[in-house]
Amino acid sequence: MMQRPPRFPSVAPFAVALLLSLLLGACADGERTADTAPAAGTAAPSDADGAQSAPGDIAAPAATGTVANAAALVGVRVPPYPGGLIDIVGSCIPGGEGLEHVCDYGISVLGQGDRDAGTAQGVYLVGTRNTDPAADMPVWEITDALDMPAADGYVLQIADCRVDGQPSRSVAALVRHGGEEFSTDIAWSRLYDTATGKFVEAGSAKIDCIDPGAGV
Numbered sequence: 001m002m003q004r005p006p007r008f009p010s011v012a013p014f015a016v017a018l019l020l021s022l023l024l025g026a027c028a029d030g031e032r033t034a035d036t037a038p039a040a041g042t043a044a045p046s047d048a049d050g051a052q053s054a055p056g057d058i059a060a061p062a063a064t065g066t067v068a069n070a071a072a073l074v075g076v077r078v079p080p081y082p083g084g085l086i087d088i089v090g091s092c093i094p095g096g097e098g099l100e101h102v103c104d105y106g107i108s109v110l111g112q113g114d115r116d117a118g119t120a121q122g123v124y125l126v127g128t129r130n131t132d133p134a135a136d137m138p139v140w141e142i143t144d145a146l147d148m149p150a151a152d153g154y155v156l157q158i159a160d161c162r163v164d165g166q167p168s169r170s171v172a173a174l175v176r177h178g179g180e181e182f183s184t185d186i187a188w189s190r191l192y193d194t195a196t197g198k199f200v201e202a203g204s205a206k207i208d209c210i211d212p213g214a215g216v
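Here the working numbering is used: the first residue of the sequence shown is 1, the next is one more, and so on.
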């Protein structure tokens, strides 16, 4: 009878098992590291002296929710918009002569909802500076932000008001129209000062705003 050669235990299966074990362990470590690492876009924590991260380092926008308050928007560059906010309406303010300066600055209403469906609601009024007027897709730095003003029966108008009879795109005003071409029924108004990047009161200046529906 033909005898089989003696069989010796092979080390190959053991080596493969050991290699798989090491690989699986490495993957598990990688998953634990990914789970504990901060998400991309998370603002840097404050240091031991209590210094906070710069406003421009605000985290990428969440799908819902709002930012803490209007002041938290100052210094933020948009888009993208933080806290699920959207740009509802805005207007350019020229910073100099020539087409290249038409949108050096701007006033915008930021809010939440569906702009296309007409359900968007304003939350903040912001003044902005175009960080690169020559860019195809401008990035705006918010230089001032206010809670959205409101008064019963009044609507917010920007870019189509006058200051002492002169058209000004720097005006934001709560206006109530009564059929006249220009209304002086102003409940609230601010001027965006491009020199300081802040909203300022009109003082003694007379503000009136055109009725978009007049003569229609």
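Yeah, the Cβ is synthetic: ideal placement off N, Cα and C, and Gly gets one too.
query                                                                                                                                                                         : result
Counting Cβ pairs closer than 8 Å, one from the stretch 165-184 and one from the stretch 69-88, do we hit at least three?                                                     : no
Does DSSP put glutamate 141 in a helix, a strand or coil?                                                                                                                     : strand
Hey, quick one: how far does the beta strand (DSSP E) through serine 204 stretch, first residue to last?                                                                      : It is not in any beta strand (DSSP E) - serine 204 carries neither H nor E in the DSSP assignment.
Return the chain-ordered list of same chain residues with a C-beta closer than 7 Å to the C-beta of tryptophan 188, the five sequence neighbours on each side being excluded. : Pro149, Ala151, Ala173 and Leu174
Taking C-beta to C-beta, are valine 155 and lysine 206 nearer than 9 Å?                                                                                                       : no
Would you report the Cα separation of valine 171 and glycine 95, rounded to the nearest angstrom?                                                                             : 15 Å
Do the CB positions of lysine 198 and threonine 143 come within less than 9 Å of each other?                                                                                  : yes
For leucine 85, does the three-state DSSP call read helix, strand or coil?                                                                                                    : coil
Suppose the cutoff is 6 Å on Cβ atoms and the five residues either side in sequence are ignored; what does the same chain contact list for glutamate 141 look like?           : Arg77, Arg129 and Thr131
Given a cut-off of 9 Å, decide if alanine 70 and isoleucine 107 are closer than it, judged by their beta-carbon atoms.                                                        : no
In this structure, how does DSSP classify alanine 71 when only helix, strand and coil are distinguished?                                                                      : helix
Please report the distance separating the alpha-carbon of proline 212 from that of glutamine 157.                                                                             : 10 Å
Determine which residues share a DSSP beta bridge with tyrosine 192 and list them.                                                                                            : Phe199
In angstroms, rounded to a whole number, what distance separates the CA positions of glycine 179 and isoleucine 210?                                                          : 10 Å
Ends of the beta strand (DSSP E) at proline 167?                                                                                                                              : 166-168
Which residues share a DSSP beta bridge with cysteine 161?                                                                                                                    : Ser168 and Cys209
Report, in whole angstroms, the separation of the C-beta atoms of valine 126 and leucine 191, which I expect to be a contact under 8 Å.                                       : Valine 126 to leucine 191, Cβ: 14 Å. No contact.
Is it true that the CB of cysteine 103 sits closer than 9 Å to the CB of proline 133?                                                                                         : yes
On a CA-only basis, which of Thr184, Ile186 and Arg115 is nearest glycine 90? Give me that one, please.                                                                       : Arg115
Rounded to whole angstroms, what is the Cα-Cα separation between arginine 169 and serine 204?                                                                                 : 18 Å
Could you give the distance in angstroms between the alpha-carbon of threonine 194 and the alpha-carbon of tyrosine 105?                                                      : 7 Å
Anyone know if the C-beta pair for alanine 120 and glycine 111 falls short of 9 Å?                                                                                            : yes
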